[in-house]
Every structure is written in C-alpha cells, then in structure tokens.
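See below for the structure under consideration.
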Amino acid sequence: MVRRAVFDPTDRELFIEQRQRFDWSLLQNGHVFRYDTGFQLDNACVRLGGVGYLVHRIDAHPWTSVEDMYDALAETLSYRRSYGASLDALADVFADVGTYLFGSDPAATGTVLAIAGFDTLLGLDSRTAHVLLDNFARQARLAGLYGHPMLCLIDTRATDLPPVGGIGIYRGSVWDAEPDPPNPFHPDDLLEYTLHVFTAEVADYLVALRAVLTDLLAPIGRWQISDPHRITDPTVIDDARANAQHRPHPLTSDDELWHIRIGIRGSGDENQLGDQLVHAHHDAGLHFEGLFSHLYAAGTTEHAQASTRYPNLHD
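For the sequence shown, our numbering gives the first residue as 15, with consecutive numbering after it.
Listed below in structure tokens is the structure:
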C-alpha cells in the first residue's frame, strides 16, 4: 500500500482542517508527553484512536521489577522477549516499530505507546525509565521521516523529567474535563439547588419547572420548591444579563430576575444530579442564568436553618 502524508501542507484547505486534530496538538511539540492522571491519559488514547492511531496501552502499576517492563513491552508490541532484553536493544525495538516490522500497522495513522502508572517504573529504576523514553523519542523522530507519527504517553506525578531526544517532556494536550468526584447525599441531608431565572411570568415558569422535577426527582426522594423571590441587586442582575446573552431569544423589558430554590431529601450524587438537572432544563426548553447547589449535612445549624424553607420535607 502507498501511505499518504498525515499532514499535507500542499492541500491548503485540507491542511487547515488537519491542524485542528488532536494528534497535531501533540506532534508539533515532540513525541513523548506526560499526563497528570489516568483519566487524562486514557482520554488522550481515545482521542488518538478516534483519528486512526494504533494504541498500545500498558499498565505499569503491578510491576515489581524492571524485568516486568521488558515482559510487558514484548507482549504488547509482539516481538520476542529475548530480542529486546536490554536498554540498548530497546532502541532497535522502537526502530522496528517505526519501520512497521512489528507493533505498528501501515494502514493506521500512526502508533501510540501509552504507559499508565509510570511512577512505578520511576520508583524501580529512574535511569531505565528515562532511557526508555529517550530511545522512543529518538526513534520516533526517525519514523517521522517515513511519514509514521509515533507518540509515547505516560501518566506521572513527576514534573521535572529530563529531556528525551533533545526535547523536554511537556504536559500533553487535554481536550476533555475530568468528571468531578462523587459527592453523595443521604436522606437525612438537605440538598438545595438555587436558580437565577429571567422571566416575565414566574408562575408559568414554576409550572414547567415542576413538570421537569417530577420526572427527574421521583427516583431520588422528596422535594419542594420554595416561594420565589424577585432579585433587585443591580450587581446580580448585571451578571445574570451577561449570562442571558446565550439564550436563543433576547430578554424583554418585562423580564425580571427571580431567585428560585429547590430542596431535596433523598439519596444520590450531588454532582451527577446537577448535570441531570441542567440537561432536563435544556430538553424542556427552559432557561436559567445561574445554577448553584449547597449540601446541608444533617445535624448542623445550617441544615436546621435551611429546612425552614421547606416545611413539606420535615420528618
């Protein structure tokens, strides 16, 4: 088969499009990149797989010796263990990957070696860890002469790794936000969401909101909407107007800013429920200018004070 250039500057329109891709954001700066978390590493692998890269992912967390590294590389890249049994031999291994002898596919866009838990190898033998990356970087640079982009991605807490192949190890591109950690709430707690809403007919808005909440919160537990309050603070109104610019229809002179609270007693995850609340609003064609949440733990003074707003939720 005949390989085409991954990035082709002779076709200007195509080249502009190619430079928006995730792999360009990495390859323009080197061949070895570090990530702060396993989520970021895996997300980068998914992105690269999505544009046609062959991705080899190795988990270094269980390694107890450098020999485990050699075993894992041989198994993952499909070569004889005895062939790459030293650091010097790894240079030949990565050279052969670059020339499609094994561990790569000329039908793929390029090749990725991803090592999760790289700190384990650093702890076992930091010199081996550095030489591994340095050998990869040097051979990846040569592979570029054949139109074969190669990338090595690692997740590590280390931010002071020395250069490899004459280039520093930079933090890799991150295109997706890591999800918030779970924040569970329990039946004795009080979860409160506060909406800032521009509307000329708050009663109509509340009718539509109750329909949304009935479907969303029925599996969670009990809930109540407190009496809405009109906001008159100019600073808050100005901030809300700035957010309202994203509405599909502009505000009118009749629209006023309202403060609407929703109290919830039940079981779930505050962060997950917040995301669901946003999507449910969007699906129902409702709009708000701000959404805020507060979890009041049972037995606290704040819980007792907030509970006065929701008499229907008292035990």
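Where a beta carbon is used, it is the ideal one built from N, C-alpha and C, also for glycine. Here the structure is a predicted model, which is why all the values come from computation and not from measurement.
According to DSSP, residues forming a beta bridge with residue i
i, result
"I274", "L209"
"F47", "L167 and Y184"
"V69", "V126"
"F352", "The first residue shown for the chain is 15 and the last is 329, placing residue 352 beyond what the model contains."
"H243", "H273"
"R236", "R279"
Secondary structure of residue i, DSSP reduced to three states
i, result
"G124", "coil"
"L230", "helix"
"S321", "helix"
"G280", "strand"
"H162", "coil"
"H200", "coil"
"H75", "coil"
"V292", "helix"
"V178", "strand"
"A154", "helix"
"Q330", "Because the chain here runs from 15 to 329, residue 330 falls outside it and cannot be looked at."
"Y219", "helix"
"Y97", "coil"
Inter-residue spacing [alpha-carbon to alpha-carbon] between residue i and residue j
i, j, result
"G186", "P176", "16 Å"
"A121", "R95", "25 Å"
"R17", "A172", "37 Å"
"A128", "P196", "27 Å"
"D82", "D203", "48 Å"
"G131", "D139", "14 Å"
"D169", "R48", "5 Å"
"L40", "L115", "24 Å"
"D56", "A151", "20 Å"
"T148", "L309", "According to the sequence displayed, residue 148 carries Asp and not Thr. Going by the C-alpha atoms only, they are around 49 Å apart."
"T375", "P198", "Any question about residue 375 goes unanswered here, given that the chain covers just 15 to 329."
"A88", "S79", "15 Å"
"T314", "L205", "13 Å"
"A157", "P233", "55 Å"
"F36", "D253", "34 Å"
"Y84", "D190", "32 Å"
Close beta carbons around residue i, own chain, < 8 Å, minus the five adjacent residues each side
i, result
"P23", "F29"
"L136", "A143, T170 and A172"
"H295", "V226, H301 and F302"
"R141", "none"
Contacting residues, own chain, Cβ-Cβ under 6 Å from residue i (five flanking each side not counted)
i, result
"V107", "G98"
"D194", "N285"
"N326", "Q238"
"A109", "Q153"
Same chain, Cβ closer than 7 Å to residue i, neighbours up to 5 away in sequence not counted
i, result
"V20", "T123, G124, G161 and P163"
"R71", "C59, A128 and A130"
"R323", "S240, R275 and G277"
(request) Tell me, please, whether the stretch 212-229 touches the stretch 270-282 by the rule of three or more beta-carbon pairs shorter than 8 Å. (result) The stretch 212-229 vs the stretch 270-282: in contact.
(message) When you compare the stretch 253-264 with the stretch 280-297, are there three or more beta-carbon pairs, one atom per stretch, that lie closer than 8 Å?
(response) Note that the stretch 253-264 does not touch the stretch 280-297; fewer than 3 beta-carbon pairs, one per stretch, sit closer than 8 Å.
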